[in-house]
Structures are given as C-alpha cells and as structure tokens.
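Worksheet: the structure to be examined is printed underneath.
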C-alpha cells in the first residue's frame, strides 16, 4: 500500500474517457500526453487506463444517455483526490451533437456536456483543442491536485 501512495504523490496519472463524437479530441490528448515532442512523462505525467490509478479524468465527447452511467461509475472508482477536465466543445457543452434534432432524432440521446453527469474542475473548448492548450489545462489543474493531497 505504501508503494501505491508514494507513486500517487510523485506522479500525475491522467485517464482518458471518450464518451462519443468524432475522436478528434482523443487524438489531440494522446498527442499532448504521449508524443515525444511534448514528452510529459519526463515530468511524471502519465496516461493510464485504470481508474484506480487516475488522478485526473480527461473526458472528451458529448455525454450520451447510454454512456452516462459508465462515466459516473468510472468517476466514482477514481480515488480522492481527483479532478475532471472536460476537453473539447463536445465535452464542455455538447458540441454540435447537442443541437441535433428534427428528422435526425439524435438530440434525445445526447445529455450534453460532462458537468451534467459529474463535477468538472477545468473546461477546455475547441474543436479539437490544440495539444498546447491541453497541456495548459493539465498544468493548471495540477496545483489543485497538490492542494487536495
């Protein structure tokens, strides 16, 4: 248990959750976090796919009715302290999917932005946001995480 606590204090683990949309934001998040150009791992910022290791939950895409329960379950599985970043126009306000309606019949399946399901600590609009902007958001929430630890 001590190894896990030490690891959490000395590194930041980001979990990426895609809730729908075009995947543009996912690609930019992975580019920002994993690419050798930005090399966030040298600053001990890592990408994880395990909610029990995560410190920051980065959510991309509009929240659909079908994914909302799973998103809440993932959020609940992340240990405290935890932060949530809504990345992209879809995650912040539902993006173009929030306005679908009429004959398309999709608007009743889109809940909207992430904060309609779980609390959000940082929002980054854009379609998709640039990797530099994603890094800026990550850098802005790390001090909040440090305060909670």
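In my numbering, the protein residues as written are 80 to 228.
All C-beta atoms in this analysis are idealised placements derived from N, C-alpha and C, irrespective of residue type, glycine included.
Just the C-alpha distance for residue 211 and residue 106, rounded to the nearest angstrom, thanks.
Here residue 211 is taken as the residue at index 132 of the chain shown, counted from 1. Here residue 106 is taken as the residue at index 27 of the chain shown, counted from 1. Taken atom to atom, the span from the alpha-carbon of residue 211 to that of residue 106 is near 13 Å.
Cβ pair count under 8 Å reaching 3, the region 161-179 against the region 200-208
Touching, per the Cβ criterion.
Could you check how far apart the C-beta atoms of residue 220 and residue 135 are, in whole angstroms? I think they sit under 8 Å.
As a position in the chain shown, residue 220 is number 141, starting the count at 1. As a position in the chain shown, residue 135 is number 56, starting the count at 1. That pair is a contact at about 6 Å.
Which parts of the region 95-146 are runs of the beta strand (DSSP E), unbroken and 3 residues or longer, counting only runs that do not cross its ends?
Listed in chain order, they are 124-127, 135-139.
Give me the Cα-Cα distance between residue 188 and residue 226, rounded to the nearest whole angstrom.
As a position in the chain shown, residue 188 is number 109, starting the count at 1. As a position in the chain shown, residue 226 is number 147, starting the count at 1. Going from the Cα of residue 188 to the Cα of residue 226 covers about 37 Å.
Let me check understanding here. Comparing Cα to Cα, which of 140, 151, 125, 123 lies closest to residue 196?
If you number the chain shown from 1, residue 196 lands on position 117. Nearest C-alpha to residue 196: 151.
Taking all protein chains shown into account, do 16 or more other C-beta atoms lie within 10 angstroms of the C-beta of residue 141, making it buried, or fewer, making it exposed?
Taking the chain shown and counting its residues from 1, one reaches residue 141 at position 62. Looking at its Cβ environment, which holds 16 or more other Cβ atoms inside 10 Å, residue 141 is buried.
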